[in-house]
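Written below as structure tokens is the structure these notes are about.
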Amino acid sequence: MLRATQIQFFMALICASSMCSLIFAKDIEYSRHVNRRGRNNLRQRQLDESSISKGSSSKGSSKGSSSSGKGKGSKSSKSPGKGSKSSKSPGKGSKSSKSSKSPGKGKGKGGSSSSGKGKGGSSSSKGKGSSKNVPTAAPFSVPDITVAPTAAPVRVPTVDDICGSSRDAYIDRVKEILTGTFGPTDFEANTPQGDAFEWLTLEDQICPDNGTNDQIRQRYALATFYFSTDGDKWNFCDAKGTKDCPPEVEPFLSPANECEWYGVDECNANKKLTKLDFKKVNGQDVGLKGDIPSEIFVLPNLKDFIADFDGPDNKKGELTGDIPSNVGNAPKLAILDVEKHQLTGDIPASIYSSTTIREIDLDDNKLTGTISEDVANMKSLVFWSSNKNNFDDQSIPSGFATLTQNLKSLSLNNAKLIGDVPPSYGDLTKIEQIDFSDNKLTGEISFIENYTKAISIALDNNKFEGPVPDSVWSFPDLKFLILEKNELSGQLPSNIPVQTKLEVLKLGKNEFSGPIPASLANFRNLKSLDLSGNNFTGAVPDELCELKNLEGIKVDKNIACDPTCCII
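According to mature numbering (1 follows the signal peptide of the UniProt record, and there is no 0), the residues represented by the sequence shown are -25 to -1, 1 to 543, in order.
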């Protein structure tokens, strides 16, 4: 495309008369004028061709002006700027029209800048070089720049357009979905629920009512857990991405499906959460801190909730507050593990009404109150452990003794239990582990005589009395028998059968008497043996000292023993 200076040079070459020189001078002035106007009207390029055409035809100097494109004497005479054919872009034309190559008399309408006699010529159409012939109006229209197309060719969403709805309508619909499941919630700012709702509607923005409503509920519940447990300060896999996360999982609140987030250990085939397990990574606990929100136990497919503290032995986790009252209402909940935190309050009543919970671990918290007799309703219970809490003094609940079909492990260590153990506890014939240590229980321990499947029996640091049932010495799977620090009495049997599984036998600080039987050596895999603090007499049999795995026998000073075998 020719610039104005190129046009001038071109016209100088083809002009030979003084009249042409005059026309040439006028065209120079005209081209400068047009170029100035063209530079000032760049914004007009966004207008469509029809609006430009109308503007130029109405504001041109004559019917056949260069902008109208109706003249017969040229090909849509082009302006001296950088525009294209048929003057689509005002102010920046292309090459001059073919009729301008000579000063001849163009008879057709719409001639070029030459001195043709036809209508619609340029400023020099009469061939006289008067400056009065310069057009008083620009041959190019200058439309108002505020004019916009009537319809955008492409739909451009705005912040007020979410999932095809207004922002308010979207928020109201999501709120309706959530409150219909989780109950009335005001989503107050700076609360876990408010933060989760804000994240869900401002950042996550899953479109509802498209088979996604369950996912909206699920992501909201998980987000509430994240904000309630100070997720931004987790030791890894935080939503901000400031902490490392194992490559096989995604950080919490990432755009990925929530089944790929850290802690979401299992989902079913329909992407419904079934297991939460906040495992340590590279030997480090995740660092949960705060309350457990009730929303997590509304999820209908949740089976396992495992959030025990897995840090150093001398430290505890920082989950606080009460266990949510609705925990037992989770329709499929099977495992609840919140061991070693700082949870307070009573054990929720809903737990005792659950027919699905199989395992519950409440160890080492600050729970108060008592264990309800309604535990008898937990027909699916296999494992119960509530050691080291701040329970009130109470008799050992008889309700556990009714769970004869499934109960295999019962740990009530340091639970402030008092009184005798009901004889009905002898009916728990499927028991594999029982721990009543560090309480104030009294009476005899005859209730354990039928625990033939027992692997571990721990009754230490109580006030039990009487003999050890003879049957105990022949339990085939027993590995740990810990009866120290009681008032047990009697003699140990001399006919203990050969057993290969017992590893730890602690009878210290009781009132046992008589000789130490050589038949104790029939526990071939014995590693630890404590007989100290009793009334035994005689010597330690050589057979015991020959056990290859035994690390030492603790006995009183009055007992004769090879120093290489015994610890006095």
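The C-beta atom is built at its ideal place from N, Cα and C for all residues, glycine as well.
| Pairwise C-alpha distance: valine 357 and glycine 441 | Roughly 30 Å separates the two Cα atoms.
| said: For a test of the three-state rule: what should DSSP assign to phenylalanine 498, helix, strand or coil? | reply: The answer is strand: DSSP assigns phenylalanine 498 an E or B state.
| Environment of asparagine 470 [buried if 16+ CB atoms lie within 10 Å] | Burial call: exposed.
| Is any heavy atom of the ligand MN found at a distance shorter than 8 Å from the C-beta of leucine 495? | The ligand MN is absent from the structure shown, which contains no ligand whatsoever.
| query | For proline 468, which residues of its own chain have a beta-carbon under 8 Å away from its beta-carbon, when the five flanking residues on both sides are left out? | reply | Here the set comprises Asp445, Trp448, Pro492 and Ser494.
| request: Within its chain, find whatever has a CB closer than 8 Å to the CB of serine 140; leave out the 5 residues flanking it on each side and keep chain order. | output: Beyond the five residues adjoining it in sequence on each side, serine 140 comes within less than 8 Å, by CB distance, of Arg148 in the same chain, given in chain order.
| Expressed to the nearest angstrom, what Euclidean distance is found between the alpha-carbon atoms of aspartate 410 and glycine 296? | CA-to-CA, the gap between aspartate 410 and glycine 296 works out to about 27 Å.
| For tyrosine 400, which residues from the same chain have a beta carbon less than 7 Å from its beta carbon, with the 5 sequence-adjacent residues on both sides left out? | Cβ within range, chain order: Ala376 and Phe422.
| message | At the level of alpha carbons, what is the spacing between lysine 415 and isoleucine 543? | response | Straight-line Cα distance between these residues: approximately 29 Å.
| message | Could you pull the DSSP bridge partners for serine 464 from this structure? | response | Its beta-bridge partners are Glu486.
| query | Nearest-angstrom Cα distance between aspartate 207 and proline 167? | reply | Their backbone Cα atoms lie some 12 Å apart in a straight line.
| What is the DSSP secondary structure of tryptophan 209, counted as helix, strand or coil? | Here tryptophan 209 sits in coil by DSSP.
| request: Could you tell me which uninterrupted beta strand (DSSP E) segments, each at least 3 residues in length, are contained entirely in the segment 371 to 413, listed from first to last along the chain? | output: The segment 371 to 413 contains these whole beta strand (DSSP E) runs: 384 to 386, 392 to 395 and 408 to 410.
| Rounded straight-line distance, which links the Cα of proline 159 to that of aspartate 367 | Their backbone Cα atoms lie some 35 Å apart in a straight line.
| query | Taking DSSP as the reference, what is the three-state secondary structure of isoleucine 322? | reply | In the displayed model, isoleucine 322 falls within coil according to three-state DSSP, outside both helix and strand.
| field | Cβ contact check for the segment 225 to 243 and the segment 296 to 314: 3 or more pairs under 8 Å | value | They do not touch, by the three-pair rule.
| query | Hey, would you say threonine 343 sits closer than 9 Å to glycine 320, going by beta carbons? | reply | Yes. Within cutoff.
| said: Pop quiz: tryptophan 236 and valine 224 are said to be a contact at Cβ under 8 Å. What is the actual Cβ separation, rounded to whole angstroms? | reply: Confirmed, about 7 Å.
| message | For lysine 291 and aspartate 339, which I take to be in contact (beta-carbon distance under 8 Å), what is that distance rounded to the nearest angstrom? | response | Indeed, because the Cβ distance is near 7 Å, the residues count as touching under 8 Å.
| query | Since lysine 405 contacts leucine 382 with CB under 8 Å, what's their CB separation in whole angstroms? | reply | Rounded, the Cβ-Cβ distance is 7 Å, consistent with contact.
| Does DSSP put cysteine 541 in a helix, in a strand, or in coil? | DSSP, reduced to helix, strand and coil, places cysteine 541 within a strand of the structure shown.
| field | glutamate 518 (DSSP reduced to helix, strand or coil) | value | Helix.
| field | Every unbroken beta strand (DSSP E) inside the segment 249 to 299 [3 residues or more] | value | Those beta strand (DSSP E) runs which fall completely within the segment 249 to 299 and span 3+ residues are 264 to 266, 279 to 281 and 293 to 297.
| field | Other residues of its chain near threonine 512: CB distance less than 8 Å, five sequence neighbours each side excluded | value | Excluding its 5 nearest sequence neighbours in each direction, threonine 512 has C-beta neighbours in its own chain below 8 Å: Ser488, Gly489, Pro490, Asn533 and Ile534, listed in chain order.
| task | Under 6 Å Cβ to Cβ from glycine 394, same chain only, skipping five residues before and after it: list those, please. | result | Within the same chain, glycine 394 has close Cβ partners Ser370.
| query | Bridge partners of glutamine 193, per DSSP? | reply | In the DSSP output, where bridge partners are listed per residue, glutamine 193 has none listed.
| query | Using the rule of at least 16 other Cβ atoms within 10 Å of the residue's Cβ for burial, across every protein chain shown, is proline 128 buried or exposed? | reply | Its pLDDT being 38, under 50, proline 128 is placed unreliably in this model, and the coordinates cannot settle the point.
| field | Short Cβ contact (9 Å threshold) for serine 530 with leucine 501 | value | Before going on, a small fix: residue 530 reads as valine here, not serine. No; because the gap between Cβ atoms is not below 9 Å, this pair is not in contact.
| query | Straight-line CA distance for leucine 519 to valine 261? | reply | Taking the straight line joining both Cα atoms gives about 46 Å.
| Is glutamine 180 helix, strand or coil by DSSP? | Three-state DSSP puts glutamine 180 in coil, outside helix and strand.
| query | Run through DSSP, which three-state label would glycine 418 get? | reply | If DSSP states are grouped into helix, strand and coil, glycine 418 belongs with the strands.
| message | With the cut-off set at 9 Å, would you say lysine 481 and leucine 458 are in Cβ contact? | response | Taking 9 Å as the Cβ cut-off, lysine 481 and leucine 458 qualify as a contacting pair.
| request: Go ahead and pull the three-state DSSP assignment for aspartate 435. | output: Coil.
| request: Could you check what DSSP says for lysine 481 in three-state terms: helix, strand or coil? | output: Under the three-state reduction of DSSP output, lysine 481 falls in the strand class.
| request: Name the one or two DSSP bridge partners that valine 239 has. | output: Answer by DSSP bridge pairing, in chain order: Leu251.
| field | Residue environment, glutamine 259, which counts as buried when at least 16 other CB atoms sit within 10 Å | value | Flag for glutamine 259 reads exposed.
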